[in-house]
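Here full-length UniProt numbering is used: the first residue of the sequence shown is 1, the next is one more, and so on.
Notes follow once the structure below has been shown.
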Amino acid sequence: MIHNLIRPTLALVGILGAIFAPPWVPLICMGLLAFRYPAWEVLFIGLLVDFLWLPAFAHGAPLFTIAGFILAWGLEPLRKEFLFS
Numbered sequence: 001m002i003h004n005l006i007r008p009t010l011a012l013v014g015i016l017g018a019i020f021a022p023p024w025v026p027l028i029c030m031g032l033l034a035f036r037y038p039a040w041e042v043l044f045i046g047l048l049v050d051f052l053w054l055p056a057f058a059h060g061a062p063l064f065t066i067a068g069f070i071l072a073w074g075l076e077p078l079r080k081e082f083l084f085s
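The following block contains the structure:
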């Protein structure tokens, strides 16, 4: 029962954290989601943070989107081999 609530709760906290919380809150949620699940929510949270907080015409890199790609695909072999699936 509790296992069915962890993923949506982390995704909701990450999305709300992207809007209302400091940047480390969605980053922690992204990491926890990526370690436990093959979660595409990680990419959505990363895009949301970058779209909300990246200046419109600045030449900054979309760090949270890049981190989302690294977490979603970079941790896939580790999750399959050592962690939960």
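Heads up, the beta-carbon is just placed ideally off N, CA and C, and yes, glycines get one too.
Nearest to tryptophan 40 (by Cα), restricted to the options Phe82, Ala67, Glu81 and Met1: Considering only alpha carbons, the answer is Ala67.
When Ile6, Leu48 and Pro62 are compared against residue 99, the one with the closest alpha-carbon: One cannot answer for residue 99 here, as it falls past the ends of the chain, which runs 1 to 85.
Buried versus exposed, by CB contacts within 10 Å (16 or more), glycine 74: exposed
Euclidean distance between Cα positions of proline 26 and glycine 60: Cα-Cα distance, rounded: 19 Å.
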